[in-house]
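**Student:** Here's a structure for you.
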């Protein structure tokens, strides 16, 4: 059954056939619904997912020997922050690796541009996260391509005196685009090799 909650009655059932239409402010409707929901535990299911994920990651690393270095870096950041940092990412391979390997321990610590896939998102979102939660450590894990799309925002971080940690996964390519060209376009590479400034000096 599909329960569709929207404050605008014109949106109800517009894109998906709705079983239970509810016109109202989602925040207010949820306050009424949550007490009616019976709490369930999914420990066995989550353990099964963890085991499958770990196995899949091991197999993926065997197939792609160039991956362990980013994987190791992301694991090291997670360990150094005890999994408690806010992590933002740009869009690309590093985004997938961070999602798979960081090991978040708390909600509201992961900020990424999943649906829109917007390159250049990582650094500005880290700035926003630090302004919103100055009490938490903030990291952006970002590719060399995405970083160059919004690196001018370093000036904003300096101007606002923000302590943000930046991890650039620099492979000299638009990595995910290149990976798709590897997998689906017979390695016919187009516009994926990129040069970069000295990131350490920046």
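Residue numbers (my numbering): 26 to 227. We put the beta carbon where it would ideally sit given N, CA and C, even for glycine.
In three-state terms, what does DSSP make of residue 112?
**Tutor:** For this step, residue 112 is matched to residue 87 along the chain shown. Correct three-state label for residue 112: strand.
**Student:** Have a look at 163, 100, 172 and 214 and flag the residue whose alpha-carbon is nearest the alpha-carbon of residue 113.
**Tutor:** Locating residue 113 in the chain shown gives position 88, where the first residue counts as 1. Considering only 163, 100, 172 and 214, the residue with the shortest C-alpha distance to residue 113 is 163.
**Student:** Measuring straight from C-alpha to C-alpha, what distance separates residue 106 and residue 134?
**Tutor:** As a working mapping, residue 106 is identified with position 81 in the chain shown. As a working mapping, residue 134 is identified with position 109 in the chain shown. Cα to Cα, the separation comes out at about 12 Å.
**Student:** Please confirm whether residue 201 and residue 174 have their CB atoms less than 8 Å apart.
**Tutor:** If you number the chain shown from 1, residue 201 lands on position 176. If you number the chain shown from 1, residue 174 lands on position 149. Here residue 201 is not near residue 174, since their CB atoms are 8 Å or more apart.
**Student:** Here's the rule I'm using: 16 or more other beta-carbon atoms within 10 Å means buried, otherwise exposed. How should residue 109 be labelled?
**Tutor:** Here residue 109 is taken as the residue at index 84 of the chain shown, counted from 1. With fewer than 16 Cβ atoms within 10 Å of its Cβ, residue 109 is classed as exposed.
**Student:** In this structure, how does DSSP classify residue 97 when only helix, strand and coil are distinguished?
**Tutor:** Translated into positions along the chain shown, residue 97 becomes position 72. Residue 97 falls in the helix class under three-state DSSP.
**Student:** Note down, in chain order, each residue of its chain lying with its Cβ closer than 7 Å to the Cβ of residue 37, except the 5 sequence neighbours on either side.
**Tutor:** Here residue 37 is taken as the residue at index 12 of the chain shown, counted from 1. Closer than 7 Å at Cβ, skipping near neighbours: 29, 31, 43, 46 and 48.
**Student:** Report the partner residues of residue 168 according to the DSSP bridge assignment.
**Tutor:** Here residue 168 corresponds to residue number 143 of the chain shown, with the count starting at 1. In DSSP, residue 168 forms a bridge with 194.
**Student:** Residue 96 and residue 122 - do their beta-carbons sit closer together than 8 Å?
**Tutor:** As a first step, residue 122 must be located in the chain shown, where it is residue number 97. As a first step, residue 96 must be located in the chain shown, where it is residue number 71. In contact: residue 122 and residue 96 (Cβ atoms closer than 8 Å).
**Student:** If residue 189 and residue 226 are in contact, beta carbons under 8 Å, what's the gap, nearest whole angstrom?
**Tutor:** Start at 1 with the first residue of the chain shown, and residue 189 comes out as number 164. Start at 1 with the first residue of the chain shown, and residue 226 comes out as number 201. In fact, because the Cβ distance is near 17 Å, the residues do not count as touching under 8 Å.
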